[in-house]
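Okay, structure first, notes after.
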Amino acid sequence: MKGMTVIVKKTTQILAGMIFLYGSYIIVHGHLTPGGGFAGGVMLAGAFILITLAYGSDFLNLKREEAGSTATENGSVLIVILLSVAGLLLGAKVFFLNFLPKGTLGELISAGVIPLYNVFIGIEVASSIFIIFLALVIYKEEEST
Amino acid sequence: MITYLMCFILFLVGLYGVITRRNLVKIAVSLSIMEISTFLFFALVGYIDGGIAPIVDPADPVKVYVDPLPQALVLTAIVIGLATTAMLMAVIIRLYRKYGTFDIREIKNLRG
Amino acid sequence: MNPLIPLFVITPLAGAFLIMIIGRFIAEFNKYFTSLVLLFLACISFYFLFTTGEKIFVYKVGGWEPINRVPIGIYMVMDGLTAIVVCIINLIGFLSAVYSISYIKRYTAGNYFYALFCLMIGGMNGVVLSGDLFNIFVFLEISVISSYALVAFGVESNELEASFKYQILGGVASFLILFGIGFIYWKTKTLNIADIKEAFNNGYNKTTYLFIQILLLSGFGLKAAIIPFHAWLPDAHSSAPSPISAMLSGIFIKAVGIYVIIRLFFNMFTTSEEMAILITTLGTLSMVIGVFLAIGQWDIKRLLAYHSISQMGYVVMSVGIGMILIARNTKPEIVSLAIAGGLFHLVNHAAFKGLLFLNAGAIEYTIGTRDLKEMGGLAKVMPVTSATSFIASMSISGIPPFNGFFSKLIIIIAAVMGRFYLLAALAVIVSIITLASFLKFQRYAFFNKPDNDILKDVREVPFPMIFSMVILSIICVLLSLLVIPEVRNAILMPAIEILTDPAKYSTSILVQ
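Chains as they are written, first to last, in this note's numbering: chain R, 1463 to 1607; chain L, 2 to 113; chain Y, 99 to 610.
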């Protein structure tokens, strides 16, 4: 699809980086403030979708099968499952155990394995929503031409 | 008590939309209204009188907090609703390409 | 805390995403990997079936122990009833996966098919194994969304329309269930099934209790396709690919519909006579209306889908008779006979309906049509398909010595001993009409003489499909051994005791 006018492109250049940064902030502080993996992941996907809408898919050279996004999505889910199964092998041998040391209340690096879960679920949700957007927009326009 | 009744009325509005609308996209939007009313009901259930938001402040940690469990359940349910709506939209786009219309009275191949 | 219990959920989920990554590089990886994973799960489930007995295994996820006897973790529970349902899920899933090794050649997106298949099996295992009400909802949604995508797999206009109808009705059902869970949390402040039973023992408001029961019965009844919630079933089950039809009709409507209704209404709510009469009426209506709608069908898979509604009516009617007799405090022998008949018919129906759908898929694979008026004389050219289809048709109609006869006999005896003579008479009449319908199917498909020469180059189907059909027909014959008292006491009695004893489930879980 074709891109938009020059004003939209210039504004997107400034804004997309800030949206990405804000999404990452919400993911990483998921154990201290409301938010976490899901909400932060949706905002990350919003940054990518904004760039695709403003510049057009011809400029960005998007192929039919977006292999990169599918690989990150599947890889992140496998890492989440691996982390949860790791509780079966270390410590008290229970599924989904919190096995890293928990720090003091309110610090950024604390609460065991929960921030790691947040990061990988955030990457996974961002990849999934970007794939849904591509499947509904790019494939439609490729089949109708 | 009034707020619980309003949630239920919103649920019935969504159900009315699913039953009587003819356009496929309007049926999908009414299903979304139904699910949003359920989330509002869930979030209202956890309210305790005089409580504040359940974020622990290390300076003075002892207060009356609102129940945080329904909020976690609503977060999960929102993601499930997103997946359902995305699946529905994909099928609607393919249906438009096969039948050429959005009217549900024209899509009647399977009968009997 | 047995570490094998979470494997039922982790293995299919990890397998699905592994298939998507590795299947891009190695060509035939997805088919054999799925069959291996499901064979492994079937072996573990048989191990649990023969060692569970009277015990209830509880697995607390994350290791969160109860504080002041209030359960705060997510529980996974394995008891007698769960062991039976987990066995049929994984066994029929394995046979469908082997069948689809050669059936899937007509579709091009094989990777997605097997990934969705594994996700559906993982979701169903999660529903059956969970002891927590919201966990049931989350795994229910995982398996149901996978089945929406699988019904619309070959994207023709019929299949897309069937999937759209299925999605709208399934979506309404999911939000009814979520509303009911919200009400339960409002009144009892807990989500653990055993703890909700204790909280309701302390007194409840009668109107709210009835409202919650009606909401949950409507939501799960829509998933189980009881009359009047059956409108999506004929379209969805006839438009799906054949191994998916066998799984949808064989285990899906049982694992996410009938199993949850049985678990909630026996172990969570105290049995009252009004709800029991309502459930029995719905079951009887399903039984009668399903078979009358099925007589006039000429499409093979639509005929089999309507018969699914009728046979599920048998199970719901039998379980409802058990509930009425518990509410009236009659002798425990009649109650256990009624519930045993219901559970036995559930297991039988999974076997022979799965086999019938696999046969319909084999017929469609070779000839290419599903209309009964255009085929005939297949008994000479397809001997294995014809023999297994004959065994399955005799089983579903209730002819001795196959398994359908014994389960229907137990249901009719239980109805007569509980003095429900009208229901017993209706069960016999419906069984005779089912026999008539399947004799029509056998004659037109296999023993007729076709008037055009469609039989020119028709051969027997490839080996993986023959393997699945033969194994299922052997299981159909072997299941009739469940009527012998020693075998029945080992397998069915633990499930019946958990359902009929009002305090055993909740006290056994809360002390662990």
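For every residue, glycine included, the Cβ atom is placed at its ideal position computed from N, Cα and C.
Does DSSP put S1572 (chain R) in a helix, in a strand, or in coil? If DSSP states are grouped into helix, strand and coil, S1572 (chain R) belongs with coil.
For I182 (chain Y) versus L441 (chain Y), is the C-beta spacing smaller than 8 Å? A contact, by the Cβ cut-off of 8 Å.
Of the choices R:L1570, R:F1582 and R:F1510, whose alpha-carbon is the least far from that of F1592 (chain R)? With distances taken between Cα atoms, F1592 (chain R) lies closest to R:F1510.
Anything in chain L within Cβ reach of L1550 (chain R), meaning under 9 Å, just list it in chain order. Correct list: empty, because the minimum Cβ distance to chain L is about 23 Å.
Alpha carbon of S336 (chain Y) to alpha carbon of K506 (chain Y), nearest angstrom: In this structure, the CA atom of S336 (chain Y) is about 26 Å from the CA atom of K506 (chain Y).
Could you check the C-alpha separation between I1576 (chain R) and Y100 (chain L) for me, to the nearest Å? The alpha-carbon of I1576 (chain R) is positioned some 48 Å away from that of Y100 (chain L).
Just to confirm the assignment, what range does the beta strand (DSSP E) spanning K158 (chain Y) have? F155 to V159 is the span of the beta strand (DSSP E), which, as asked, contains K158 (chain Y).
Please return the same chain residues whose Cβ sits closer than 8 Å to the Cβ of A543 (chain Y), not counting the five positions on each side in sequence. If the five residues before and after A543 (chain Y) are omitted, its C-beta is found closer than 8 Å to the C-beta atoms of I398, I461, L470, M473, G474, L476 and S487, all from its own chain and listed in chain order.
Chain-ordered chain L contacts of N256 (chain Y) [CB-CB under 7 Å]: Contacts between N256 (chain Y) and chain L, judged by CB atoms closer than 7 Å, involve N110 and L111 in chain order.
Mapping the DSSP letters down to three states, classify S272 (chain Y) as helix, strand or coil. The three-state reading of DSSP puts S272 (chain Y) in helix, counting H, G and I together.
Could you spell out the range, first to last residue, of the alpha helix (DSSP H) harbouring M1505 (chain R)? G1499 to Y1517 is the extent of the alpha helix (DSSP H) around M1505 (chain R).
Separation of M480 (chain Y) from I564 (chain Y), as counted between CA atoms: Distance from the CA of I564 (chain Y) to the CA of M480 (chain Y), rounded to the nearest whole angstrom, comes to 11 Å.
So that I know if they touch, is there some Cβ in chain L lying closer than 8 Å to that of V126 (chain Y)? For the record, residue 126 (chain Y) in the displayed sequence is Glu; it is not Val. No, because no Cβ of chain L sits closer than 8 Å to the Cβ of E126 (chain Y).
Nearest chain Y C-beta to Y100 (chain L) closer than 8 Å, yes or no? Chain Y, which has a Cβ nearer than 8 Å to the Cβ of Y100 (chain L), makes this yes.
Of all the options Y:I190, Y:F277 and Y:H447, which has the alpha carbon lying nearest to the alpha carbon of R44 (chain L)? In the sequence under discussion, the amino acid at residue 44 (chain L) is Ala, which differs from the Arg named in the question. Ranking Y:I190, Y:F277 and Y:H447 by Cα distance to A44 (chain L) puts Y:F277 first.
Segment contact flag, the region 60-72 of chain L with the region 238-253 of chain Y, C-beta cutoff 8 Å, min 3 pairs: In short, these stretches do not touch, since the Cβ pair count stays below three.
For chain R, is any of its Cβ atoms less than 8 Å away from the one on A112 (chain Y)? With 8 Å as the cut-off, A112 (chain Y) counts as an interface residue toward chain R.
Give a yes or no on whether the minimum CB-CB distance between W330 (chain Y) and chain L is below 8 Å. Interface residue (Cβ-Cβ distance to chain L less than 8 Å): W330 (chain Y) is not classified as such.
Alpha-carbon spacing of G459 (chain Y) relative to G269 (chain Y), whole angstroms: When rounded, the distance between both Cα atoms is 29 Å.
At 3 residues or longer, what runs of the beta strand (DSSP E) sit wholly inside the region 193-255 of chain Y? Within the region 193-255 of chain Y, complete beta strand (DSSP E) segments of at least 3 residues are not found at all.
Is it a yes or a no for the region 216-224 of chain Y touching the region 386-401 of chain Y, going by three-plus beta-carbon pairs under 8 Å? Fewer than three Cβ pairs drawn from the region 216-224 of chain Y and the region 386-401 of chain Y lie within less than 8 Å of each other, which leaves the two stretches out of contact.
For N546 (chain Y), which of helix, strand or coil comes out of DSSP? DSSP places N546 (chain Y) in coil when its eight states are reduced to three.
Rounded to whole angstroms, what is the Cα-Cα separation between L444 (chain Y) and L41 (chain L)? A direct Cα-to-Cα measurement between L444 (chain Y) and L41 (chain L) gives close to 38 Å.
Would you tell me roughly how many angstroms separate the C-alpha atoms of A323 (chain Y) and G355 (chain Y), rounded to the nearest one? Taking the straight line from one Cα to the other gives about 8 Å.
Start-to-end residues for the alpha helix (DSSP H) that takes in M119 (chain L): Past the edges of chain L, shown from 2 to 113, lies residue 119 (chain L), and the structure says nothing about it.
Kindly indicate the opening and closing residues of the alpha helix (DSSP H) around V135 (chain Y). Note, V135 (chain Y): alpha helix (DSSP H), F127 to T149.
Measuring only between beta-carbons, confirm whether A1573 (chain R) sits less than 8 Å from chain Y. Chain Y has no Cβ within less than 8 Å of the Cβ of A1573 (chain R).
Given this structure, state the Cα-to-Cα distance separating G466 (chain Y) from N546 (chain Y), to the nearest angstrom. Distance between the alpha carbons of G466 (chain Y) and N546 (chain Y): 18 Å.
Over the uninterrupted alpha helix (DSSP H) stretch that includes Y404 (chain Y), give me the two end residues. Following the DSSP letters along the chain, one finds Y404 (chain Y) inside the alpha helix (DSSP H) bounded by residues I398 to A425.
Please determine, among Y:A334, Y:V135 and Y:E595, the residue with the shortest C-alpha to C-alpha distance to Q265 (chain Y). Measuring from the Cα of Q265 (chain Y), the nearest candidate turns out to be Y:A334.
Could you spell out the range, first to last residue, of the beta strand (DSSP E) harbouring M174 (chain Y)? Segment I172 to M176, the beta strand (DSSP E) holding M174 (chain Y).
Does Y302 (chain Y) come out as helix, strand or coil in the three-state DSSP assignment? It is coil, neither helix nor strand.
Expected contact under 8 Å - CB spacing of V103 (chain L) and V19 (chain L) to nearest Å: It is Phe, not Val, that sits at residue 103 (chain L) in the sequence shown. At roughly 15 Å, the Cβ-Cβ gap does not stay under 8 Å, so F103 (chain L) and V19 (chain L) are not in contact.
Buried versus exposed, by CB contacts within 10 Å (16 or more), C185 (chain Y): C185 (chain Y) is buried by the Cβ-count criterion.
DSSP three-state label for D1520 (chain R), please. DSSP places D1520 (chain R) in helix when its eight states are reduced to three.
Once you ignore the five residues that flank I28 (chain L) on each side, which residues in its own chain have a CB closer than 8 Å to its CB? Cβ neighbours of I28 (chain L) beyond the five flanking positions: G18, V19, R22 and I105.
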